[in-house]
Amino acid sequence: MILTVTLNAALDVTYQVPEVDWDGVNRVGAVHRRAGGKGVNVARVLAALGQDVLVTGLAGGPTGRAIEDDLREAGLPGELCAIAADSRTTLAVSEQAGTRTALFNEPGPEVTPAELAGFVRHYASLLATADAVVLSGSLPRGVPADTYARLASIAADHGVPAIVDADGDPLRHAPKGRPSVVKPNREELARAVPGGTPAEGAQALRSQGAEAVVVSMGADGLLAVTGEGTFTARMPYTVRGNPTGAGDSLVAGLALGLVESAPWPDSLRRAAALGAAAVAAPVAGDFDPDVYADIHPQIIVT
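Here you go:
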């Protein structure tokens, strides 16, 4: 079983419009509402690949209940811990031409120390049956910036490999928890380790405790700095569409690679293909299987 952690779970709302008129009225062509947050998106992709998953994290209020209802309707097993404050909503506005997407993220609820402590105890109990854990997304208010490092350390103590996908201070703290993989994108890495090349930034995070650092670079593919060397995965062509959730699909591929003990070239090729196929899907947490099948064998890993 792959455990995904979403501390700042959300109800994701996606508007598809022909073209955004920022000074006028926009008529929405299609609306999608579903449980979201990066860990939930990762779980959706893994479930579509036939993997056993379990979603955990924090949820509260009417929005939290809507998130739990959608997980049940989607057939995604979930054990979210209740909090008093209402969970957040996110809004993605995607032009149907596939050229631009705007994402609006609410900050999320205020979490008390007692609520966080209760979650950590629950999380530790779930590790007994986990083959890997994914720690991803923003942290809600009241949750310390080093929480992912703490959760990764608990997983390491249980012999469970962890992937951390975060930004800002949570990313800077993450290597201290000895995660198996840290997965920033190029911009997140530059904020965490200013100056230098992506390879130098990734190596800096490795030197602080991460076993491997995989940097997603959009149409330029992936850069992975690992204990076995440095790898690049180059894309054969650019996929147009909605990039929201592409990184989550990529992380799903990396998590599956950890569970299968796949060689790095195989793991990176699958992860990059899933990320590209997610761009072709209308909402986060989905991927286009035809795009995946087409692009996967064409990705060159060196």
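Just add 177 to the spot in the sequence shown (first one is 1) and you have the working numbering.
Where a beta carbon is used, it is the ideal one built from N, C-alpha and C, also for glycine.
Computed from a predicted model, the values in this text were never measured in an experiment.
Residue i, enclosing beta strand (DSSP E) - first and last residue
i, result
"T266", "R265 to E272"
"H209", "A207 to G213"
"I340", "A339 to D342"
"Y192", "A187 to V194"
Residues near residue i in its chain [Cβ-Cβ closer than 6 angstroms; skip 5 each side]
i, result
"I331", "A301"
"A369", "L348 and R349"
"V337", "L304, A307 and V310"
"R447", "G430"
"L231", "M178, L180 and P254"
"A193", "Checking the displayed sequence, the identity of residue 193 turns out to be Gln instead of Ala. Contacts found: G206, A207, S271 and Q273."
Limits of the unbroken alpha helix (DSSP H) element including residue i
i, result
"T324", "T324 to D334"
"G238", "G238 to A251"
"D443", "W441 to V456"
"L293", "P290 to L303"
"G378", "P375 to S384"
"L366", "R363 to A369"
Exposed unless 16 or more other CB atoms sit within 10 angstroms - verdict on residue i
i, result
"G313", "Checking the sequence shown, residue 313 turns out to be Ser, not Gly. Classification of S313: buried, given that the 10 Å Cβ count is 16 or more."
"S384", "exposed"
"V202", "exposed"
"R211", "buried"
"E245", "buried"
"Y129", "This structure cannot settle anything about residue 129, because the visible part of the chain is limited to 178 through 479."
"D334", "exposed"
Whether residue i touches residue j by CB criterion (9 angstroms)
i, j, result
"L293", "V320", "yes"
"L382", "F408", "no"
"E283", "R265", "yes"
"A455", "G434", "no"
"A376", "V341", "no"
"V390", "P361", "yes"
"G406", "L427", "no"
"L268", "V190", "yes"
"K315", "G285", "This sequence places Ser at residue 315; Lys is not what is there. Against a cut-off of 9 angstroms, the Cβ pair of G285 and S315 comes out as a contact."
"G241", "A291", "no"
"I472", "R411", "no"
"P317", "E287", "yes"
"A432", "L248", "no"
Cβ shell of residue i (< 7 angstroms), same chain only, five flanking positions each side left out
i, result
"A261", "G237"
"V436", "I179, D308 and A309"
"F281", "T267 and L268"
"A326", "H350, A351, K353 and G354"
"A243", "L188"
8 angstroms Cβ shell around residue i - same chain, five flanking residues per side excluded
i, result
"Q380", "V390 and V402"
Contact test: residue i Cβ vs the ligand ADP heavy atom, cutoff 8 angstroms
i, result
"A389", "In terms of ligand content, the structure shown is empty, and the ligand ADP therefore cannot be addressed."
Sufficient close CB pairs (3 or more, under 8 angstroms) joining the stretch 217-225 to the stretch 349-366: no
So, does the stretch 418-438 touch the stretch 456-467, judging by three or more C-beta pairs under 8 angstroms? yes
Between the stretch 267-287 and the stretch 187-199, do at least 3 Cβ pairs fall closer than 8 angstroms? yes
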